[in-house]
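4 protein chains.
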Amino acid sequence: MTFPAPLTGVVPPVCTPLTPDREVDVPSLLRLAGHLVEAGVHGLFLLGSTSEAAYLTDRQRRQVVEAVVGHVGGQLPVLAGAIDMTTPRVLDHVRAVTAAGAEAVVVTAPFYARTHPSEIVHHYRRTAAASPVPVIAYDIPVSVHTKLPGDLLLGLAADGVLAGVKDSSGDLGAFREIVTGARAHAGFSVLTGSELLVDAALAVGADGAVPGLANVDPHGYVRLYRLCRARDWEGARAEQERLCALFGMVRAGDPARMGAGSSALGAFKAALHLRGVIDCPVTAEPQVPLSGDEVAKVGKHLAAAGLL
Amino acid sequence: MTFPAPLTGVVPPVCTPLTPDREVDVPSLLRLAGHLVEAGVHGLFLLGSTSEAAYLTDRQRRQVVEAVVGHVGGQLPVLAGAIDMTTPRVLDHVRAVTAAGAEAVVVTAPFYARTHPSEIVHHYRRTAAASPVPVIAYDIPVSVHTKLPGDLLLGLAADGVLAGVKDSSGDLGAFREIVTGARAHAGFSVLTGSELLVDAALAVGADGAVPGLANVDPHGYVRLYRLCRARDWEGARAEQERLCALFGMVRAGDPARMGAGSSALGAFKAALHLRGVIDCPVTAEPQVPLSGDEVAKVGKHLAAAGLL
Amino acid sequence: MTFPAPLTGVVPPVCTPLTPDREVDVPSLLRLAGHLVEAGVHGLFLLGSTSEAAYLTDRQRRQVVEAVVGHVGGQLPVLAGAIDMTTPRVLDHVRAVTAAGAEAVVVTAPFYARTHPSEIVHHYRRTAAASPVPVIAYDIPVSVHTKLPGDLLLGLAADGVLAGVKDSSGDLGAFREIVTGARAHAGFSVLTGSELLVDAALAVGADGAVPGLANVDPHGYVRLYRLCRARDWEGARAEQERLCALFGMVRAGDPARMGAGSSALGAFKAALHLRGVIDCPVTAEPQVPLSGDEVAKVGKHLAAAGLL
Amino acid sequence: MTFPAPLTGVVPPVCTPLTPDREVDVPSLLRLAGHLVEAGVHGLFLLGSTSEAAYLTDRQRRQVVEAVVGHVGGQLPVLAGAIDMTTPRVLDHVRAVTAAGAEAVVVTAPFYARTHPSEIVHHYRRTAAASPVPVIAYDIPVSVHTKLPGDLLLGLAADGVLAGVKDSSGDLGAFREIVTGARAHAGFSVLTGSELLVDAALAVGADGAVPGLANVDPHGYVRLYRLCRARDWEGARAEQERLCALFGMVRAGDPARMGAGSSALGAFKAALHLRGVIDCPVTAEPQVPLSGDEVAKVGKHLAAAGLL
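Chains as they are written, first to last, in our numbering: chain D, 1 to 308; chain G, 1001 to 1308; chain B, 2001 to 2308; chain R, 3001 to 3308.
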């Protein structure tokens, strides 16, 4: 299967179910992948932030890609994150995930290391030169503490270095400038990582969306994508607002007790557990687990959205 | 050899010399380690930020620890960084570097993942529980984007979880509060990561220093440490000011062309190369190399400090 | 005239033309106000960031409000910023601008002072209690270094403390949550401060827009507003994209020589000068003026947009 | 009286006592000024951050300067902050405070406005050109969100634009580079704003200190200054550590309920009230007042330091 250029549609960043002792729960992972494919999503993004890639060991990362590619490979494009601090370490991940079957890799700017735009450019050029599959830039300033500049991305698109960008910056104005600029570069895919703005991103011309919440309600995001493609903007807005309300689950965790990541990833996994998709809602260490009351809040969100 | 409690003295974060094709240059590394030991340093810290740990693959990290421990192990304590995003990945590094002979591990708070103080506490507790050697916290907000709170560190010191802290925050006021608080916890080591404030840090009661510039002038830092221990504060200030002037080399690189990391690490390696300690001044990718003119600036700093 | 609840439509943050010696150029200011009113805008916002309020003395601020209210008062709502560090100083500005005729005041969270959400709430309650006119919150993290939390704003909307919010945060996801939540509070106005996302903001349910670029092309933004209200989203997108291209003028200034503010405000004033609306393009001190070449770039943007 | 060049010694940033209805409590202010002068401080800094300058109206600011200059003018240098967002507004404050008798003005970089180093330079040049008295730069990144670069300060020192710098950045490494560089510029005063590092700052060569806590214990800071000048570093360290413990009072306020500013300024004023220096511990709006329990914590700090 040739990797689509551009990649379009709903591409969920797939949660990584864990067992109670925090190993990859492969049967649950395959059930989740199947649940997403049956809902009609257009691709799967493994080892992203929502997948807890930052928490998975190299062994676990490989296990995730091998399992999912073995299960649904060929049915839809499977992307994998190669999330690490700098070029040499990223290249090791690129080798590992492509050996395991990933059809595209998703790569952030360097982090931990203090970085400069010229170093980001070199990072992507070296990564693309070494990668057997297309490279998609991952713009996630909340984690990387650098925003990928639009002109840098478009320059790398023009040179054929990058095949697309997944934008989790939350800055739709900058996103729009990339969308517009990318029209000159056929095949370059501009994807939003927002759960809340899929209709708006598609309206300004995005190719697709990578919403973490699509783990919980893939049918909703597929429906939303179709409404947008049909230019039924009123219908899309109604569906998007339903999903925005559902997204409120990410605030289930008490901010005095845990970080926003623990709360959001804990909520997604609790929801998948409540919906019967995965066996165990545990998140990786050192994240703080949701309490029983907090899980009950997640349940209320599901019920309100008609998902329980 | 029992690991000292507290660890004291000058503990350089050892640069990692690379070959032109960016493999670990073991002979140069051993020459550098020998150069440091002969100068009288009190420990070696491998795989820190100055060691380009963020840029080294797992294979290269292991190679560094094995080579140095094999060469100087038993003569002085050898610490190693276990730098990664979260607990499970850090634990893999702890296993690898201690298997390779590291006598203590140096661990940051989680990064990339958004984190909460309670998660940092859990991270250190889990790491210490799994580590066969003492765990030293590494406070480096410029990379991790979180400052380790003093009360959190002192709480973990009180519980015996942490054996010390390496403070690269630049905040000497907060550092002093840790030094003072740590007096209640015998054996806990408080180390400054500053090149510019070793005299001041020791004057407020620090146990030692981990200055990157000590790669270039280990004799200077050892002399400075001895002057401070002898309470010759005027002599210490003069030596420290000489080292501050030498440290100006970190600004050799043009900030329009490269980041502060490329400039500083490039300058240290250029200086080691000019001094004949290492064979090749190359830094890891995607860092930008210093130009000939920039290397010449480094040379002027060495000459002014009487090191050429 | 009763202040509209909610305020809707295009409400430009009016530039403050200056004479060469940096006094308020009242004839140019009135010409600009007239130019905006004739284009059909729905309100005028004086003394905002685009108005260089941060650079105007108290005397000049008063002069601006008196002049504009005297010229166009009664034809459309006139709002004024009361931009200062904390409550007591803001209250002085509220008194001054309402004495000069402002029909609503626009107020940020405290800045310079380190602040806490409970202090922000108290700040708005005290301001609203003392203000004879409605208070609109101004969310501009790039200046204030605090993002107004959505639940804080909605709580103050529910209590009748705030009459609306002008959102210059760039975070359309958070904006959408405010828009949705504000439906429960009739009369509360949710306005975007973005130049680039007016169509998207109106599509998600915003009441209006406060785009600085509307000084330069008020007809464009009025047209865009009408297209959105008519639910002609394809026409709106085309008009918005034309305005996005025009907005490229804010990058006319060389970032090596000046800040983003000098560049953007310098470009707006250069454009108004080139279009013959104001007599002199000078900006307040200590901003850096655009060079001749940089002004020529602004001219090219105007020409490309059919505005010269 | 000629303004000293360089200004040296302990120069407390004087708290501004308020009445219960938040007007300046002039009798308490004069009592506080007298209390400081009698303790032997070397200057008074009015209208700084510790003075709640950000919260005082223009009328109140004038009142503070007039009252203190009228009371102690001629006995020691009196400096005043001219804290505002940009050059034109700062110039108005310079006029007001010097008309009221201030012998030097203390000025930050622009804030609220996004600023560039070249704009900061122009800001100080314009301010100094217009000021009838010496201008001292105020480096307080926690409020201004910009760190004044050392080379910028030293360039302005070389040109005679600035008479000194008050450094509240907390970065003693950068401070040391300014101290060292300033030796070439006779008369330029380098002052630390830290409460915790006065001994360390003087040891590296600072001219003096501007510690907020000196309102509460001026005798302690004067003693500390004299010990340092006598090069009794062990005695200085003991006195400094006593003051560091006393400084713990700034954490009296519950961080869940108030910001760090409310807690610190509330603690200083509570301490002055408990010590009988001022009549009322109230802070300006919108700060959160300390509770009775929190005031009791302040009292315990005073008692432990032998000040009650």
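Glycine included, every Cβ here is placed at the ideal spot set by N, Cα and C.
Quick caveat: nothing in here was measured; it's all calculated off a predicted structure.
Under 8 Å by beta carbon: chain G residues contacting residue i
{"i": "Leu56 of chain D", "result": "Pro1088, Arg1089"}
{"i": "Val3041 of chain R", "result": "Within 8 Å Cβ-Cβ: nothing; Val3041 of chain R doesn't reach chain G, min ~21 Å."}
Chain G residues whose Cβ lies nearer than 9 Å to that of residue i
{"i": "Met258 of chain D", "result": "His1116, Ser1118, Glu1119"}
{"i": "Val142 of chain D", "result": "Arg1114"}
Amino acids of chain G, ordered along the chain, whose beta-carbon sits closer than 7 Å to that of residue i
{"i": "Gly3173 of chain R", "result": "Gly1170, Ser1194, Leu1196, Leu1197"}
Chain D residues whose Cβ lies nearer than 9 Å to that of residue i
{"i": "Arg2176 of chain B", "result": "Leu196, Leu197, Ala200, Gln240, Glu241, Cys244"}
Pairwise C-alpha distance: residue j and residue i
{"i": "Leu197 of chain D", "j": "Ala2200 of chain B", "result": "9 Å"}
{"i": "Thr1086 of chain G", "j": "Pro3132 of chain R", "result": "57 Å"}
{"i": "Pro1218 of chain G", "j": "Leu1007 of chain G", "result": "18 Å"}
{"i": "Ser1118 of chain G", "j": "Pro1149 of chain G", "result": "11 Å"}
{"i": "Glu3177 of chain R", "j": "Met1249 of chain G", "result": "14 Å"}
{"i": "Val3295 of chain R", "j": "Ala3270 of chain R", "result": "6 Å"}
{"i": "Ala3305 of chain R", "j": "Arg3251 of chain R", "result": "16 Å"}
{"i": "Val3072 of chain R", "j": "Glu3066 of chain R", "result": "10 Å"}
Residue j beta carbon less than 8 Å from that of residue i
{"i": "Phe3111 of chain R", "j": "Val3144 of chain R", "result": "yes"}
{"i": "Ala128 of chain D", "j": "Ala157 of chain D", "result": "no"}
{"i": "Val106 of chain D", "j": "Tyr138 of chain D", "result": "yes"}
{"i": "Asn1215 of chain G", "j": "Leu1272 of chain G", "result": "yes"}
{"i": "Leu227 of chain D", "j": "Gly220 of chain D", "result": "no"}
{"i": "Gly1212 of chain G", "j": "Phe1268 of chain G", "result": "yes"}
{"i": "Ser1189 of chain G", "j": "Gly1205 of chain G", "result": "no"}
{"i": "Thr2283 of chain B", "j": "Ser2263 of chain B", "result": "no"}
{"i": "Ala96 of chain D", "j": "Arg62 of chain D", "result": "yes"}
{"i": "Val68 of chain D", "j": "His42 of chain D", "result": "no"}
{"i": "Leu2032 of chain B", "j": "Val2277 of chain B", "result": "yes"}
{"i": "Val3135 of chain R", "j": "Lys3166 of chain R", "result": "no"}
{"i": "Val288 of chain D", "j": "Ala39 of chain D", "result": "no"}
Minimum Cβ-Cβ distance from residue i to chain R less than 8 Å
{"i": "Ala2129 of chain B", "result": "no"}
{"i": "Ala2099 of chain B", "result": "no"}
{"i": "Tyr2112 of chain B", "result": "yes"}
Residue i: contacting residues in chain B (beta-carbon distance under 9 Å)
{"i": "Arg237 of chain D", "result": "Ala2203, Val2204, Gly2205"}
{"i": "Ser3092 of chain R", "result": "The question names Ser, yet the displayed sequence has Asp at residue 3092 of chain R. What Asp3092 of chain R touches in chain B: Thr2057, Asp2058, Arg2059."}
Residue-level contact to chain B via CB, residue i, 8 Å cutoff
{"i": "Thr180 of chain D", "result": "yes"}
C-beta neighbour in chain D for residue i, strict 8 Å
{"i": "Arg1126 of chain G", "result": "yes"}
{"i": "Ala1284 of chain G", "result": "yes"}
{"i": "His1219 of chain G", "result": "no"}
{"i": "His1145 of chain G", "result": "yes"}
{"i": "His1123 of chain G", "result": "yes"}
Partner residues on chain B for residue i, Cβ-Cβ distance less than 8 Å
{"i": "Val3161 of chain R", "result": "Here the premise fails: no neighbours, minimum Cβ distance about 13 Å."}
{"i": "Gly3248 of chain R", "result": "Per Cβ cutoff of 8 Å: no residues; Gly3248 of chain R is ~18 Å from chain B at best."}
Neighbour list for residue i in chain B, Cβ cutoff strictly below 7 Å
{"i": "Gly3261 of chain R", "result": "Ala2113, Arg2114"}
{"i": "Gln3287 of chain R", "result": "Glu2119"}
CB contact check: residue i to chain C, cutoff 8 Å
{"i": "Glu119 of chain D", "result": "The structure shown contains no chain C; its protein chains are D, G, B and R."}
Scan the stretch 3150-3188 of chain R and note each continuous beta strand (DSSP E) run of 3 residues or more that stays entirely inside, going in chain order.
Within the stretch 3150-3188 of chain R, complete beta strand (DSSP E) segments of at least 3 residues are found at 3164-3167, given in chain order.
Output the residue ranges of the alpha helix (DSSP H) runs that lie fully inside the stretch 2193-2242 of chain B and measure 4 residues or longer, sorted by chain position.
Listed in chain order, they are 2198-2203, 2218-2229.
Please give me, in chain order, every unbroken run of the alpha helix (DSSP H) with length at least 4 that falls completely inside the stretch 17-102 of chain D.
Scanning the stretch 17-102 of chain D for uninterrupted alpha helix (DSSP H) segments of 4 residues or longer gives 26-38, 58-72, 87-99, listed from N- to C-terminal end.
Please give the ranges of any alpha helix (DSSP H) in the stretch 3258-3289 of chain R, keeping only runs that are unbroken, at least 4 residues long and fully inside the region.
Within the stretch 3258-3289 of chain R, the complete alpha helix (DSSP H) runs of at least 4 residues are 3260-3274.
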